[in-house]
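Each residue of the sequence shown is one higher than the one before, starting from 95 at the first, in our numbering. Report on one structure; see the data block that follows.
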Amino acid sequence: ELCRGLGMPPAAADRLASFLGVLGAYDAVTDAVQVLTGRAARSVADFVATDPAPFLPRTYRRLVGARPAPSFRAAAREVADASVDGLVRDLAPDELLVRVRAAGVNGGADTFACTRASEDARDFPLGNEGAGAVVAAGPAAAASFGVGDAAVFVGQGGYAEYVRVRAAACVNASRMGVVAPPAELVALRISALTALVALERTAAVGPGDVVLVTACCGGTGHF
Numbered sequence: 095e096l097c098r099g100l101g102m103p104p105a106a107a108d109r110l111a112s113f114l115g116v117l118g119a120y121d122a123v124t125d126a127v128q129v130l131t132g133r134a135a136r137s138v139a140d141f142v143a144t145d146p147a148p149f150l151p152r153t154y155r156r157l158v159g160a161r162p163a164p165s166f167r168a169a170a171r172e173v174a175d176a177s178v179d180g181l182v183r184d185l186a187p188d189e190l191l192v193r194v195r196a197a198g199v200n201g202g203a204d205t206f207a208c209t210r211a212s213e214d215a216r217d218f219p220l221g222n223e224g225a226g227a228v229v230a231a232g233p234a235a236a237a238s239f240g241v242g243d244a245a246v247f248v249g250q251g252g253y254a255e256y257v258r259v260r261a262a263a264c265v266n267a268s269r270m271g272v273v274a275p276p277a278e279l280v281a282l283r284i285s286a287l288t289a290l291v292a293l294e295r296t297a298a299v300g301p302g303d304v305v306l307v308t309a310c311c312g313g314t315g316h317f
């Protein structure tokens, strides 16, 4: 915010904030500056002025289902050293790499993922919806998303700090002009959309109609 107040372009301010945030995660600055996509940054000014890619850490944390189990709690385990480089390297032309800021809790889907997985399933992804910032885009996905755009997604692996998702399964909140915290954005992607379709399309509710909402404390019900 200070950078923007001093007149720095928003995109440059965001890149500088990302750069400084990653520096704080490393013991040595020299370790951090080597992670810049494709080359080392010679200086902060060089990074902010010339490179549109965000500064990425080497590893990230994610939750996986270690193996099928009777409950989510019994199946889930944290992987603390997953490779960000692998995510970037394997990014498909129609995929985005998103830094997850908020993940939706979908009790049914998450429980089914753990209890109904095949017997030989190991370390399968958990989490089905989220919101965050785009940090890389494949060539095809780049037509609809730019680095820094707010993406609201549906896709496997949402319980992670970074996730690869198909651009077709994402909504670009930035280009729609929607400004809201990530936790509010992610609630709109499945729960609010389900409620909207139920009211306007399925039930065709109109003014004066009496509506009974069951499970009103759930994701869809409270909308």
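Each residue gets a CB set at the ideal place from its N, CA and C atoms; glycine is no exception.
Given a cut-off of 8 Å, decide if Val241 and Glu223 are closer than it, judged by their beta-carbon atoms.
Not in contact: Glu223 and Val241 (Cβ atoms no closer than 8 Å).
With DSSP as the reference, label Leu157 as helix, strand or coil.
DSSP places Leu157 in strand when its eight states are reduced to three.
Can you tell me which of Ala298, Pro301, Val192, Ala245 puts its alpha carbon nearest to the alpha carbon of Leu282?
Residue Ala245 holds the alpha-carbon nearest to the alpha-carbon of Leu282 among Ala298, Pro301, Val192, Ala245.
Any 3 or more C-beta pairs closer than 8 Å across the segment 271 to 288 and the segment 210 to 219:
Contact fails between the segment 271 to 288 and the segment 210 to 219, because fewer than three Cβ pairs, one in each stretch, are under 8 Å apart.
Of the residues Thr153, Asp243, Glu294, the one placed nearest Pro104, counting alpha carbons only
Asp243
Kindly indicate which three-state DSSP category Ser212 falls into: helix, strand or coil?
coil
Taking all protein chains shown into account, decide if Gly302 is buried (16 or more other Cβ within 10 angstroms of its Cβ) or exposed.
exposed
Mapping the DSSP letters down to three states, classify Phe206 as helix, strand or coil.
helix
Would you call the segment 159 to 174 in contact with the segment 194 to 209, where contact means no fewer than 3 C-beta pairs closer than 8 Å?
These segments touch.
Could you check whether Tyr256 and Leu181 sit closer than 8 Å to each other, using their CB atoms as the reference points?
yes
Bridge partners for Gly224 per DSSP, in chain order?
DSSP, once it has assigned bridges, lists Ala197, Phe247 as partnering Gly224.
Check whether the Cβ atoms of Gly300 and Gly251 sit closer than 8 Å, and answer yes or no.
no
Taking only runs that begin and end inside the segment 266 to 293, name each unbroken beta strand (DSSP E) of 3 or more residues, in chain order.
none
Residues near Arg260 in its chain [Cβ-Cβ closer than 7 Å; skip 5 each side]:
Asp188, Glu189, Gly249
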